[in-house]
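Engineer: This is the structure, below, for whatever I ask next.
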Amino acid sequence: MIIRHHLASLTIAFAVTMMATSVQAHDGSIRGVVEFFTSQGCNACPPADAVLSSLTKENDVIALGYHVDYWNYRGWKDTFSQHENTVLQAGYMKAFGKRALFTPQAVINGQVGVNGSDIMAIRSQLVATSQQSSLVSGLPLKIEVGNKGSRIVVKLVSTQTEIPADAKLFAIRVEPERKVLIESGENKGRMITYHNIVRERQLQHAKLVRGAAISIDRRSLRNGEPGQSEWVFVVQRVTADGLPGQILGAGRL
């Protein structure tokens with residue numbers, strides 16, 4: 671498999687400027703999920719990590735950091751890397767008809783991949799992949815997540831169409847923030863603050879129908895250190911051969 675990386679195309683300052691021009695989702699729902707594939711060992715990744723961090727400040731966007739493991743042989747083992755994240759990225763590439771894995775990459779709403787440092791491309795695809803009409807922007811499925819005693823309730827409260835049979839619910843545990851001093855490799859000597867680090871992604875075996883309220887026992891969700899984890903819930907289409915597809919809706923606790 672060919673592995674390549676892209677150079678950052680925009681400065682962080684420009685990325686922050688572009689934040690002010692974002693299109694807001696209707697009725698407080700999530701208009702987009704941006705999945706970043708990154709590595710502490712990639713010297714092109716820090717600008718994309720900064721873009722991810724900036725997106726975490728936007729209430730209608732969920733940004734997730736998936737640290738891959740194929741850079742670990744280059745002198746530094748990413749402390750957050752998981753092979754499952756590499757498998758997920760490879761699944762997207764196969765679904766997109768591509769062969770090469772690269773970092774940094776951002777996948778928007780499960781439908782298109784762009785350079786993770788290119789905030790303009792990310793914003794353009796957030797609009798393109800979530801535009802329901804000329805007046806309404808947002809993912810087709812609105813999800814509300816709340817607590818009920820020892821359980822988490824995920825409500826599929828709003829959708830214009832029936833939920834496809836190939837839609838699956840994923841519970842994603844994220845660590846909100848962690849600083850890392852990188853001691854070797856391409857980013858040697860850099861202290862980088864990472865946000866929304868994906869620690870695990872669990873498939874929930876639940877029947878997804880319009881208007882459903884799915885109750886999940888907290889004990890079935892593996893948690894990290896107290897106060898160090900947050901949960902994101904994503905409904906995503908998955909092909910018969912297991913490839914990730916369109917993200918229909920998302921919510922967070």
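Note that our numbering numbers the sequence shown so that position 237 is 907, with each residue one more than the last. No residue lacks a Cβ here, since even glycine has one placed at the ideal position from N, Cα and C.
Assuming R888 contacts R821 (C-beta within less than 8 Å), just tell me the rounded distance between them.
Structural biologist: Between R821 and R888 the Cβ distance is about 6 Å, and since that is below 8 Å, they are a contact.
Engineer: How many Å lie between P846 and I867 at the Cα?
Structural biologist: 6 Å
Engineer: Report the residue from N713, R769, V731 and K727 whose alpha carbon sits nearest the alpha carbon of E705.
Structural biologist: With distances taken between Cα atoms, E705 lies closest to V731.
Engineer: With distances taken Cα to Cα, identify the nearest neighbour of F707 among I700, A733, N729 and S724.
Structural biologist: A733
Engineer: Pick from T749, Q775 and I852: whose alpha carbon is nearest that of L722?
Structural biologist: Q775
Engineer: Nearest CA to the CA of G735: which residue from M763, G761 and T773?
Structural biologist: A check of alpha carbon separations from G735 across M763, G761 and T773 identifies T773 as the nearest.
Engineer: Note the first and the last residue of the continuous beta strand (DSSP E) segment covering T708.
Structural biologist: G702 to T708
Engineer: Does the beta-carbon distance from R871 to W901 come in below 8 Å?
Structural biologist: no
Engineer: Taking L826 as the reference, give the member of A876, I852 and S709 with the closest Cα.
Structural biologist: Nearest in C-alpha terms to L826, of all of A876, I852 and S709, is A876.
Engineer: Look at the alpha carbon of S800 and the alpha carbon of L809, and state the distance between them as a whole number of angstroms.
Structural biologist: 5 Å
Engineer: For a quick check, are the C-beta atoms of V905 and G915 less than 8 Å apart?
Structural biologist: no
Engineer: Which word fits R848, buried or exposed, when buried means at least 16 other C-beta atoms lie within 10 angstroms of its C-beta?
Structural biologist: So R848 ends up on the exposed side.
Engineer: Is N755 closer than 8 Å to H737 when the C-beta atoms are compared?
Structural biologist: yes
Engineer: Return helix, strand or coil for A760, following the three-state DSSP convention.
Structural biologist: helix
Engineer: Can you give the Cα-Cα distance for S890 and A760, rounded to whole angstroms?
Structural biologist: 27 Å
Engineer: Buried or exposed, going by whether 16 or more other CB atoms sit within 10 Å of the CB of F750?
Structural biologist: buried
Engineer: Apart from the five residues just before and just after V879, which ones in its own chain have a Cβ nearer than 7 Å to its Cβ?
Structural biologist: I833
Engineer: Pull up the distance between the alpha-carbon of G859 and that of D748, whole angstroms please.
Structural biologist: 14 Å
Engineer: Return yes when the Cβ of A920 is within less than 8 Å of the Cβ of I813, no when it is not.
Structural biologist: yes
Engineer: What did DSSP end up calling H865 once you bin it into helix, strand or coil?
Structural biologist: strand
Engineer: Roughly how many angstroms separate the alpha carbons of G786 and V823, rounded to a whole number?
Structural biologist: 32 Å
Engineer: For K818, which beta-bridge partners are listed by DSSP?
Structural biologist: Bridge partners of K818: R821.
Engineer: Would you mind giving the Cβ-Cβ distance between F903 and L873, rounded to the nearest angstrom? I have them listed as a contact below 8 Å.
Structural biologist: Going by Cβ atoms, the distance from F903 to L873 rounds to 12 Å, so no, they are not a contact pair.
Engineer: Identify every residue that forms a DSSP beta bridge with E847.
Structural biologist: H865
Engineer: N785 by DSSP, collapsed to three states: which one?
Structural biologist: strand
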